[in-house]
Structure formats: structure tokens, C-alpha cells
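Counting in the working numbering, the sequence shown runs from 462 upward without gaps.
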Amino acid sequence: MVSRFLADARLVAGKDLRIEARSRVVLNQVAPFALLVLVLFGFALDADQRTLRAFAPGLFWVAVLLCALLAVQRSVSVEQADGALTGLRLSGMSPAALFVGKAAAVFVQLVVLEVLLTAGIVVLYGSEVEQPLLVVATGLLAAVAVACTGTLYGALASGLGVRETLLPILLLPVLAPVLIGATRAFDDALGNAAVDGWAWLGLLAVFAVVASGLGALAHGALVEE
462 MVSRFLADAR LVAGKDLRIE ARSRVVLNQV APFALLVLVL FGFALDADQR TLRAFAPGLF
522 WVAVLLCALL AVQRSVSVEQ ADGALTGLRL SGMSPAALFV GKAAAVFVQL VVLEVLLTAG
582 IVVLYGSEVE QPLLVVATGL LAAVAVACTG TLYGALASGL GVRETLLPIL LLPVLAPVLI
642 GATRAFDDAL GNAAVDGWAW LGLLAVFAVV ASGLGALAHG ALVEE
């Protein structure tokens, strides 16, 4: 049973990632958009290096969330094309496995974007990574939380038929705890504030567990709608 579940989830994730590898939407469109957001923030803050370094953690995660919206919308649109979602449902695949697979594909894309954005704040803002392990842990936990929540709400918005306009309104307020926790952890990792970044990882971990659990349970009902 578990092996079938994992095989189905791996199949869905592999399918989405292969589609992305062929289309290169993330690398050719979303990644440049993310870096452009950092550049525009730099212009808005008048290119003051001290100010940029101080605001880098928050700007980083705002950019990640904006890119996550694009990644989730892309993930949903893939299943809507040519009745792919109907085919997956008729195959007898577990809705939970479908959720895990799609969330895993979004997670991989977010990790790639986080790596690019980390390089971006180092080069553009002059930030210094003082605790690499904390940066990695924060990035992974936040990516899990965002991917699972985004996949769940993407299915909800898709069922309502207005995913492009409603998804940001539904998703961004729910991800506020992730934005706060990840930003505070990055404040410590980049040496910007005297806070215990590791303590904030607890918030991210709890959010990730709850989001993944709720997503696996509720995704089937949302897809059926």
C-alpha cells in the first residue's frame, strides 16, 4: 500500500517536473521575474547597501511567495490541459498521492528559485550568509509549507473556476506565518538581528506538517468538486 502510494506520488511529481524541464517556464520566466523583483526593490530603497541588507530577508521571502503563486498556477494549469486531471482520477490513483506528487514538484521548483534568490541578495544587496545551515533549513521547511499550502489552495481555486484572480487572495494571507517565521530566521542567518532563528524554525515545521496533513486529507474532495 505504501509502496503504491509512493510510486503514484513519484509518477505525478516526475510528470510535472518533466513538463517543466521541457517548457522551462520556471527558468525562463519565473526566475527572471524573481530577480527583477529584487532589482526593483533595490531601486525603491534608493540602492542604500545598509538598508538593502537590513531588508533583504523580508524582500527575499516576498519574492519567493510571489514566485510561488506563479508556480502553483502553472501546476494547476498543467492538470487542466487536455483533461489530464480526469485521466489521473480515472486511473484509480489516491488523491493523497496526487497531492503529494504535485506538492513535491512545486517544492523542487521553489528550492531552485530560493537558490537563485539567495545568490541574488548576496550579489545585489551585499548580504552575507553567516549561518549556512540555518539558511538551508529555513529554505527547505518554508518550501514544504508553501508548496503544500499552495497545492491545496490551487485545487480549491481551480474548483471555483477563477484560479488566476482568487488564488492570491486565498493563499497569501494564509502564508503570513511562513513569511514571518522565515524572515525572522533569515534575520539571524544573515546577521541582521539578534534573534534566535532556530526557534522560528519550529513555527515553520508545525505549519509544514499541518499543511501537508490537511492537504493530503482534503485534496481529494476539492478535486472531485
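Glycine included, C-beta positions come from ideal geometry on N, C-alpha and C. Here the structure is a predicted model, which is why all the values come from computation and not from measurement.
- Under the three-state reduction of DSSP, Leu506 is assigned to coil, being neither helix nor strand.
- When Leu499, Ala474, Val576 are compared, the shortest CA-CA separation from Leu559 is found for Ala474.
- Asn653 carries a coil assignment under DSSP once its states are collapsed to helix, strand and coil.
- Gly663 carries a helical assignment under DSSP once its states are collapsed to helix, strand and coil.
- Taking all protein chains shown into account, Ile582 has 16 or more neighbouring C-beta atoms within 10 Å of its C-beta and is therefore buried.
- Non-local C-beta neighbours of Val656 in its own chain, meaning closer than 7 angstroms and more than five positions away in sequence, comprise Arg645, Asp648, Asp649, ordered along the chain.
- A direct Cα-to-Cα measurement between Val572 and Ala565 gives close to 11 angstroms.
- Distance between Glu591 and Tyr614, taken at the CA atoms: about 35 angstroms.
- Going by DSSP, Arg485 is part of no alpha helix (DSSP H) at all; its letter is neither H nor E.
- Three or more beta-carbon pairs separated by less than 8 angstroms link the segment 625-632 to the segment 597-615, which places the two stretches in contact.
- A distance below 7 angstroms between beta-carbons, with the five flanking residues on each side excluded, links Val498 to the following residues of its chain, in chain order: Ala524, Leu527.
- Per DSSP, Glu575 is one residue of the alpha helix (DSSP H) stretching across 556-586.
- With respect to the C-alpha of Glu481, the residue from Arg535, Arg465, Gly658, Ser619 having the closest C-alpha is Arg535.
- In the structure shown, Val597 falls within a helical segment according to DSSP collapsed to helix, strand and coil.
- Gly562 is a Cβ neighbour of Arg471, given a cutoff of 8 angstroms.
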